[in-house]
């Protein structure tokens, strides 16, 4: 799908700002933070957004500030969730491109360099990094629900259904236009898929960059919540995504049909539906806004990834 001409030389000056959300992640910061510092130049801005940590994270970060002037800390007195932390971090940045890294992500040296080519196209909103166990993301609407799976490995830059909120770069101007992550998805999950889907519907592009390699130990923070709670949040937020963003009558009718089938097969799924219905007013107010901003249809987007 997306590829640059081999040997193309792009002359563009971009400033990068790295945002690292943190909540009681001192051990992860001690393990990974210095590796982030050594992977970028001294002029790269780094902002750690702390969501009310009580584990000594701030003491560690304040020591790092003294040794590394480009580092800044945004501090909250409680945990406002992943989306809010990222949105507030973006507001504080000075760069053109905002890089989101979870505190369990270790980037390789020079991982930002390939992005200069990628972002020279003004229609590119986000670029997802290469986590070796995955690849670019393929989006499929199947049996009334969204399915996203890794596409075949590639050595070339490739279009991606979404860019990971824990290891990707975003054009700040478009982030602000879209309003960033939707806090509706509190405390975590689906906010990055939602943001990227909204970007696609407005005609922007999402890419995956194989040369920007990072190593990600997934769910190091989320795993502190109970499995039952995580499962309900995941499934509730999946409903938020569909109800908010899907405007195709055909796909909505398909969703209704298979939503009933899922409930009949698993009566316990009623808990998920009720959890979603508690926020139905917020969901549909956002749905109206998204419908008014749409340039590409749902079918247009899924067709981009069909057959790959």
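Numbering (this note's numbering), first residue to last: 223 to 530.
All C-beta atoms in this analysis are idealised placements derived from N, C-alpha and C, irrespective of residue type, glycine included.
Inset, instruction - Report all residues from its chain with a CB closer than 6 Å to the CB of residue 385; omit the five preceding and five following residues, and keep chain order. - result: The answer, listed in chain order, is 348, 350, 418 and 428.
Legend entry - For residue 238, the first and last residue of its enclosing beta strand (DSSP E): For residue 238, the uninterrupted beta strand (DSSP E) run begins and ends at 238-244, by DSSP.
Inset, instruction - Note the first and the last residue of the continuous beta strand (DSSP E) segment covering residue 272. - result: In this chain, the beta strand (DSSP E) harbouring residue 272 covers 267-273.
Inset, instruction - Assign residue 364 to buried or exposed, taking buried as 16 or more other Cβ atoms, counted over all protein chains shown, within 10 Å of its Cβ. - result: The residue in question, residue 364, is exposed, as its Cβ has fewer than 16 Cβ neighbours within 10 Å.
Inset, instruction - Mind the definition here: the stretch 318-330 touches the stretch 387-397 only if three or more C-beta pairs lie below 8 Å; say whether that holds. - result: In short, these stretches touch, since the Cβ pair count reaches three.
Legend entry - Given 8 Å, three or more beta-carbon pairs between the stretch 492-509 and the stretch 459-475: The stretch 492-509 is in contact with the stretch 459-475.
Legend entry - Rounded distance between the beta-carbons of residue 412 and residue 459, thought under 8 Å: Right, the Cβ-Cβ distance comes to about 4 Å (below 8 Å), so this counts as a contact.
Inset, instruction - Pull up the CB-CB distance for residue 326 and residue 438, whole angstroms please, since I reckon it's below 8 Å. - result: Going by Cβ atoms, the distance from residue 326 to residue 438 rounds to 6 Å, so yes, they are a contact pair.
Legend entry - Contacts around residue 300, its chain only, beta-carbon distance under 8 Å, and the 5 residues preceding and following it disregarded: Excluding its 5 nearest sequence neighbours in each direction, residue 300 has C-beta neighbours in its own chain below 8 Å: 273 and 274, listed in chain order.
Inset, instruction - Check residue 322 in the structure and name its three-state DSSP category. - result: The three-state secondary structure of residue 322, taken from DSSP, is strand.
Inset, instruction - Go ahead and label residue 482 buried or exposed: buried means 16 or more other beta carbons lie within 10 angstroms of its beta carbon, across all protein chains shown. - result: In summary, residue 482 is exposed, with fewer than 16 beta-carbon neighbours lying within 10 Å of its beta-carbon over all protein chains present.
Inset, instruction - Put residue 351 into one of helix, strand or coil per three-state DSSP. - result: Strand at residue 351.
Legend entry - Straight-line Cα distance separating residue 240 from residue 306: Straight-line spacing of the CA atoms in residue 306 and residue 240 works out to 16 Å.
Inset, instruction - Give the range of the beta strand (DSSP E) segment to which residue 427 is assigned. - result: Looking at the DSSP string, the run of the beta strand (DSSP E) that includes residue 427 is 427-438.
Inset, instruction - Could you work out which residue in 360, 461, 431 and 400 is closest to residue 175 when comparing CA atoms only? - result: Nothing can be reported for residue 175: it is not among the residues displayed for the chain, which extend from 223 to 530.
Inset, instruction - Have a look at 491, 435 and 525 and flag the residue whose alpha-carbon is nearest the alpha-carbon of residue 352. - result: Of the candidates 491, 435 and 525, the one whose C-alpha sits nearest the C-alpha of residue 352 is 435.
Inset, instruction - Could you work out which residue in 265, 492 and 377 is closest to residue 358 when comparing CA atoms only? - result: Looking only at 265, 492 and 377, the smallest Cα-Cα distance to residue 358 is reached by 377.
Legend entry - Assigned secondary structure, residue 528 (DSSP; H/G/I helix, E/B strand, else coil): It is coil, neither helix nor strand.
Inset, instruction - Confirm, please, whether the CB-CB distance from residue 271 to residue 243 is below 8 Å. - result: Yes. Within cutoff.
Legend entry - C-beta contact flag for residue 494 and residue 461 at 8 Å: The answer is yes: Cβ separation under 8 Å.
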